[in-house]
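To start, the structure under review is shown below, and the notes come after it.
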Amino acid sequence: AQTVTQSQPEMSVQEAETVTLSCTYDTSENNYYLFWYKQPPSRQMILVIRQEAYKQQNATENRFSVNFQKAAKSFSLKISDSQLGDTAMYFCAIEWDDKIIFGKGTRLHILP
Amino acid sequence: NAGVTQTPKFQVLKTGQSMTLQCAQDMNHNSMYWYRQDPGMGLRLIYYSASEGTTDKGEVPNGYNVSRLNKREFSLRLESAAPSQTSVYFCASSAGGPWNTEAFFGQGTRLTVV
């Protein structure tokens, strides 16, 4: 069965610093997609970034980038120049064959 | 643009009561999902539907049933609610198939079973 592991339940960083959230996954599939979602206190789930497993190039969206290591089954999220609005729960997820499985999440606090 | 709409937003049930959570999407998506979110457990997949007329069990299907009424609607039913089903429930949809776009989520339903 596919699993997603986020080993950091909670993290805190100062505003403007860079922070990396870890995610590892286990799958026997060859074709799959990886996502990072953000859930602020409003409870709304917001897509941060996505990565197609067949692409070697790491995805980037403004201040957000990933380090995708397919052989190691690792998919970490780097947030540069962190902002107070980045405070949220962050979930890593894997999608394959119309199914999406999430990790348990990392609660990120950005401190002023 | 409504996206994914869930009803109700809040609900309190007594143990043993039944209820149906409704979900509708207006993005012509093929795939729909139901998740529950509990503290420290992330989002766990209850059931999903890859297309109209099909449903499959996810990670935690016990105690739940689903219906994919048509392409737009995917309901979740609790036949006999238990306190362990107290949770926040999310419905989501995605294009599915070869498009593999991200999932779009509803606002969630906070369910308390007493």
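Going down the list, the sequences are from chains A and B.
104 is the number of the first residue of the first sequence in the numbering used here; add one for each residue after it.
1142 is the number of the first residue of the second sequence in the numbering used here; add one for each residue after it.
Glycine included, every Cβ here is placed at the ideal spot set by N, Cα and C.
On a predicted model such as this, the values are computed, not experimentally measured, just so you know.
Nonlocal neighbours in the same chain, by C-beta distance under 8 angstroms from residue i, ignoring five residues either side
i, result
"residue 136 (chain A)", "153, 154, 155, 156, 197, 198, 199"
"residue 176 (chain A)", "127, 128, 129, 130"
"residue 1189 (chain B)", "1172, 1173, 1174, 1175, 1196, 1197, 1199"
Residues near residue i in its chain [Cβ-Cβ closer than 6 angstroms; skip 5 each side]
i, result
"residue 149 (chain A)", "141"
"residue 162 (chain A)", "152, 154, 169"
"residue 1251 (chain B)", "1151, 1229"
"residue 1163 (chain B)", "1148, 1216"
"residue 207 (chain A)", "109"
"residue 192 (chain A)", "142, 208, 210"
Simplified DSSP assignment, three categories, for residue i
i, result
"residue 187 (chain A)", "helix"
"residue 1226 (chain B)", "helix"
"residue 1183 (chain B)", "strand"
7 angstroms Cβ shell around residue i - same chain, five flanking residues per side excluded
i, result
"residue 1220 (chain B)", "1159, 1206"
"residue 1223 (chain B)", "1156, 1204, 1254"
"residue 1178 (chain B)", "1184, 1228, 1229, 1231"
"residue 1211 (chain B)", "1193"
"residue 166 (chain A)", "182, 183, 184"
"residue 1168 (chain B)", "1144, 1234, 1245"
"residue 119 (chain A)", "184, 185"
"residue 178 (chain A)", "126, 128, 137, 154, 169, 171, 195"
"residue 1242 (chain B)", "1235, 1236"
"residue 1170 (chain B)", "1234, 1235, 1236, 1237"
Whole-Å CB distance - residue i paired with residue j, under 8 angstroms assumed
i, j, result
"residue 1166 (chain B)", "residue 1145 (chain B)", "5 angstroms"
"residue 1147 (chain B)", "residue 1247 (chain B)", "4 angstroms"
"residue 151 (chain A)", "residue 187 (chain A)", "About 16 angstroms separates the two Cβ atoms, so there is no contact after all."
"residue 1172 (chain B)", "residue 1191 (chain B)", "5 angstroms"
"residue 1244 (chain B)", "residue 203 (chain A)", "6 angstroms"
"residue 75 (chain A)", "residue 124 (chain A)", "Residue 75 (chain A) cannot be examined here, being either before or after the span of chain A that is shown, 104 to 215."
"residue 115 (chain A)", "residue 212 (chain A)", "4 angstroms"
"residue 105 (chain A)", "residue 214 (chain A)", "With a Cβ gap of about 34 angstroms, residue 105 (chain A) and residue 214 (chain A) do not count as contacting."
"residue 1161 (chain B)", "residue 1213 (chain B)", "So it is not a contact: roughly 16 angstroms between Cβ atoms."
"residue 1249 (chain B)", "residue 146 (chain A)", "5 angstroms"
N- and C-terminal bounds of the beta strand (DSSP E) containing residue i
i, result
"residue 129 (chain A)", "127 to 129"
"residue 1165 (chain B)", "1160 to 1166"
"residue 154 (chain A)", "149 to 155"
"residue 170 (chain A)", "167 to 172"
"residue 136 (chain A)", "136 to 142"
"residue 223 (chain A)", "The shown model of chain A, from 104 to 215, leaves out residue 223 (chain A), and the question about it has no answer."
"residue 1217 (chain B)", "1215 to 1219"
"residue 124 (chain A)", "122 to 124"
"residue 158 (chain A)", "Premise fails: residue 158 (chain A) is in no beta strand (DSSP E) and is neither H nor E."
"residue 1147 (chain B)", "1145 to 1148"
"residue 1201 (chain B)", "It is not in any beta strand (DSSP E) - residue 1201 (chain B) carries neither H nor E in the DSSP assignment."
"residue 177 (chain A)", "177 to 182"
Which residues, in order along the region 1163 to 1184 of chain B, keep a beta-carbon less than 7 angstroms from a beta-carbon of chain A?
Residues 1172, 1174, 1181, 1182, 1183, 1184.
So if I threshold CB-CB distances at 9 angstroms, which residues from the region 1214 to 1230 of chain B count as touching chain A?
If the cut-off is 9 angstroms between Cβ atoms, the region 1214 to 1230 of chain B has 1229 near chain A.
Got a sec: which bits of the region 185 to 206 of chain A sit with their beta carbon under 7 angstroms from any beta carbon on chain B, in order along the chain?
Listed by position along the chain: 194, 198, 201, 202, 203, 204, 205, 206.
Could you run through the region 156 to 178 of chain A and flag, in chain order, every residue whose CB is less than 9 angstroms away from some CB of chain B?
Within the region 156 to 178 of chain A, no residue qualifies.
Residues of the region 136 to 155 of chain A in Cβ contact with chain B at a cutoff of 9 angstroms, in chain order, please.
Taking 9 angstroms as the Cβ-Cβ cut-off, the region 136 to 155 of chain A approaches chain B at 136, 138, 140, 142, 145, 146, 147, 148, 149, 150, 153, 155, given in chain order.
Members of the region 1147 to 1163 of chain B near chain A, C-beta cut-off 7 angstroms
Listed by position along the chain: nothing, the set is empty.
What are the residues in the region 1184 to 1198 of chain B lying within 7 angstroms of chain A by C-beta distance?
So the close ones are 1184, 1186, 1189, 1191.
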